[in-house]
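**Student:**
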Amino acid sequence: MTKNLIPLWEVFIRPRNGLAHKHCGSVHAADEVMALQAARDVYTRRGEGTSIWVVPSAAITASDPENKDENFEPALSKVYRHPTFYDIPEDVGHM
Amino acid sequence: MAGTAAVSREALTAFLLRLADDHLILGHRLSEWCGHAPMLEEDLAMPNMALDLIGQARSLYQYAAEVEGRGRDEDQLAYVRRERDYVNCLMAERQNGDFAHTMLRQFYFAAFMQPLWQAVTSSTDEHLAGIAAKAEKEVAYHIRHAGEWVVRLGDGTEESSRRMKAAVEALAPYVDELFESDGVSRAIAEAGIAPDPSTLRPAFDAIVGPVFAEAGLDWVETPYGQTGGRQGRHGEALGFLLAELQYMQRTYPGMRW
């Protein structure tokens with residue numbers, strides 16, 4: 045019963061301008077407004093963030109762990125895909 | 205604020221202690237939820253707010269101790285006065301009741317404090333204006349958080365609505381006291397330090413009204429309000445609260461963390 049009324053939300057926090065929002069956990073809340081408040085109270089108590097996103101956990105489509113080998117192993121042997129042959133100009137900042 | 209009349213040390217101390225006691229006592233009440241909230245999220249949200257209140261109380265006690273100039277420090281003001289020396293409003297000391305009751309009490313107090321802090325940011329008293337600048341942001345969040353709960357519980361399930369209505373009934377007699385005016389509050393207002401509470405009612409109503417409308421709650425008129433907190437006349441709830449609040453300083457006088 046409480047599960048239906050108070051669903052789960054995934055929380056993403058952006059630590060400061062220029063960085064991406066990063067997943068940091070989840071909260072239970074009745075709706076998106078309460079989810080934002082709960083996220084603020086649970087995950088930004090020590091000055092962790094300047095922006096919060098919340099997303100209904102049910103809205104996330106996840107890859108199947110069973111397909112992990114076919115999904116991810118083929119990339120392991122292709123080191124040439126790593127951009128290690130360039131110098132990144134300092135002005136680019138965070139990549 | 206207009207006035208610039210001089211204010212006596214006694215009046216300023218009395219005013220600061222009222223504010224400080226409101227924040228300490230209500231902060232303590234909120235902290236009682238720690239570990240008992242209905243969900244983890246609120247188990248953090250309520251102590252967060254409690255810490256805001258106790259932090260504000262601390263700044264106010266420190267300043268009161270300085271203004272009073274009788275050698276007492278913040279701990280002595282907070283922890284070793286007698287029950288009749290506390291001048292908090294009665295609403296702050298009321299037992300928590302259920303979650304709806306606690307949230308509505310928090311909402312009322314925040315709706316009272318926000319316009320007050322806002323005005324005090326331009327106080328003639330610079331020290332107090334500094335405290336207000338920090339507190340103003342904290343109380344804005346308290347209004348939002350508690351207000352959202354008032355809406356959701358008031359306009360929620362049959363049970364939540366019944367409980368929120370019961371909270372409105374139970375707290376109705378304690379609202380008017382917030383806006384009482386007396387010699388101290390008038391002297392403070394005339395000196396341009398803080399607005400007289402009696403002038404804050406329209407701002408309070410402007411915050412509470414829309415939330416009640418959205419929550420489907422009706423304002424309950426009460427034939428006569430409870431009063432006496434500002435003169436140190438309290439309900440029995442405060443004695444039990446102080447017994448716990450003061451335990452450490454009474455048992456180990458002068459103890460420090």
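Taken in order, these protein sequences are the chains called V and Z. Residues 45 to 139 in our numbering are what the first sequence spells out, letter by letter. Residues 205 to 461 in our numbering are what the second sequence spells out, letter by letter. Ideal Cβ placement from N, Cα and C applies to all residues, glycine included. A quick note: this is a predicted structure, and the numbers were derived from the prediction, not measured.
1. Quick check: the Cα distance between Ala315(Z) and Ile347(Z), rounded to an integer number of angstroms?
2. Let me check understanding here. Comparing Cα to Cα, which of Gln318(Z), Leu220(Z), Gln310(Z) lies closest to Tyr290(Z)?
3. Does DSSP put Leu404(Z) in a helix, in a strand, or in coil?
4. Please report the straight-line C-alpha distance between Val412(Z) and Arg90(V), rounded to a whole angstrom.
5. Under DSSP, the alpha helix (DSSP H) around Val55(V) begins and ends at which residues?
6. Just list the residues that DSSP pairs Ser95(V) with in beta bridges.
7. The alpha helix (DSSP H) that contains Gly351(Z), what's its start and end?
8. Using a Cβ cut-off of 7 Å, pull out every chain V residue sitting near Met459(Z), in sequence order please.
9. If you follow the beta strand (DSSP E) that Val86(V) is in, where does it begin and where does it stop?
10. So, helix, strand or coil for Lys122(V), using DSSP?
11. Using the three-state DSSP reduction, which class does Ser364(Z) fall into: helix, strand or coil?
12. Just to confirm my understanding: we take Thr325(Z), look at its own chain, exclude 5 residues before and 5 after, and list those with CB closer than 7 Å. What are they?
13. Where in the stretch 257 to 292 of chain Z do unbroken runs of the alpha helix (DSSP H), each at least 4 residues long, occur, reported from the N-terminal end onward?
14. Check whether the stretch 224 to 235 of chain Z and the stretch 123 to 132 of chain V touch, using three or more Cβ-Cβ pairs below 8 Å as the test.
15. On the premise that Ala447(Z) lies in contact with Asp359(Z), defined as a C-beta separation below 8 Å, what is that separation, rounded to the nearest angstrom?
16. Hey, quick one: how far does the beta strand (DSSP E) through Ser70(V) stretch, first residue to last?
17. Since Leu281(Z) and Ala269(Z) are thought to touch, with beta carbons under 8 Å apart, how far apart are those beta carbons, to the nearest angstrom?
18. Using beta carbons (cut-off 8 Å, strictly below), is Arg366(Z) in contact with chain V?
19. Are there 16 or more other CB atoms within 10 angstroms of the CB of Phe116(V), so buried, or fewer, so exposed?
20. Using the beta-carbon count (16 or more within 10 Å), is Lys369(Z) buried or exposed?
21. Tell me which residues of the stretch 64 to 93 of chain V have at least one Cβ-Cβ distance to chain Z shorter than 7 Å, keeping chain order.
22. Alpha carbon to alpha carbon, how far is Thr105(V) from Gly62(V)?
23. List the DSSP bridge partners of Pro100(V).
24. Relative to the C-alpha of Tyr428(Z), which candidate in Phe303(Z), Arg454(Z), Leu421(Z), Leu375(Z) has its C-alpha closest?
25. Figure out for me which residue from Thr455(Z), Ala261(Z), Glu246(Z) has the closest Cα to the Cα of Ala525(Z).
26. From the beta carbon of Lys47(V), is the nearest beta carbon of chain Z less than 8 Å away?
27. What does the alpha-carbon distance come out to for the pair Lys47(V) and Ala73(V)?
28. Apart from the five residues just before and just after Leu357(Z), which ones in its own chain have a Cβ nearer than 6 Å to its Cβ?
29. Quick one: which chain V residues come within Cβ less than 9 Å of Leu248(Z)?
30. Measuring only the C-alpha atoms, how far is Thr426(Z) from Phe444(Z)?
31. Near His44(V), which residues of its chain fall below 6 Å by C-beta distance, leaving aside the five closest residues on each side in sequence?
32. Measure the beta-carbon distance from Cys293(Z) to Asp226(Z) and round it to whole angstroms, keeping in mind my assumption that it falls under 8 Å.
33. Taking only beta-carbon atoms, is Asn252(Z) less than 8 Å away from chain V?
34. For the alpha helix (DSSP H) that contains Pro319(Z), what are its first and last residues?
35. Between the C-alpha atoms of Ser402(Z) and Trp53(V), what's the straight-line distance to the nearest angstrom?
36. By the criterion of Cβ-Cβ separation under 7 Å, what are the contact partners of Met307(Z) in chain B?
**Tutor:** Taking the coordinates as given:
1. 6 Å
2. Leu220(Z)
3. coil
4. 31 Å
5. That residue, Val55(V), is in no alpha helix (DSSP H); its beta strand (DSSP E) goes 52 to 58.
6. Arg58(V)
7. 330 to 358
8. Within chain V, no residue comes near Met459(Z); the closest Cβ sits about 27 Å away, beyond 7 Å.
9. That residue, Val86(V), is in no beta strand (DSSP E); its alpha helix (DSSP H) goes 76 to 87.
10. coil
11. helix
12. Ala333, Ala336, Ala337, Glu340
13. 278 to 283
14. no
15. That pair is no contact at about 38 Å.
16. 66 to 72
17. 6 Å
18. no
19. exposed
20. buried
21. Val71, His72, Ala73, Ala74, Val77, Met78, Gln81, Ala82, Asp85, Val86, Arg89
22. 26 Å
23. Trp53(V)
24. Leu375(Z)
25. No answer is possible for residue 525(Z): the residues shown for chain Z start at 205 and end at 461.
26. Annotation note: pLDDT 49 at Lys47(V) (below 50); position unreliable, coordinate value reported separately. Output row for Lys47(V): interface = no.
27. Any reading at Lys47(V) must be qualified, since the residue scores a pLDDT of 49, below 50, and its modelled position is unreliable; no value is offered.
28. Ala304, Ser364, Met368
29. Ala82, Asp85, Val86, Arg89
30. 27 Å
31. In the structure as shown, chain V begins at 45 and stops at 139. Residue 44(V) is therefore absent and cannot be evaluated.
32. 6 Å
33. yes
34. 303 to 324
35. 43 Å
36. The structure shown contains no chain B; its protein chains are V and Z.
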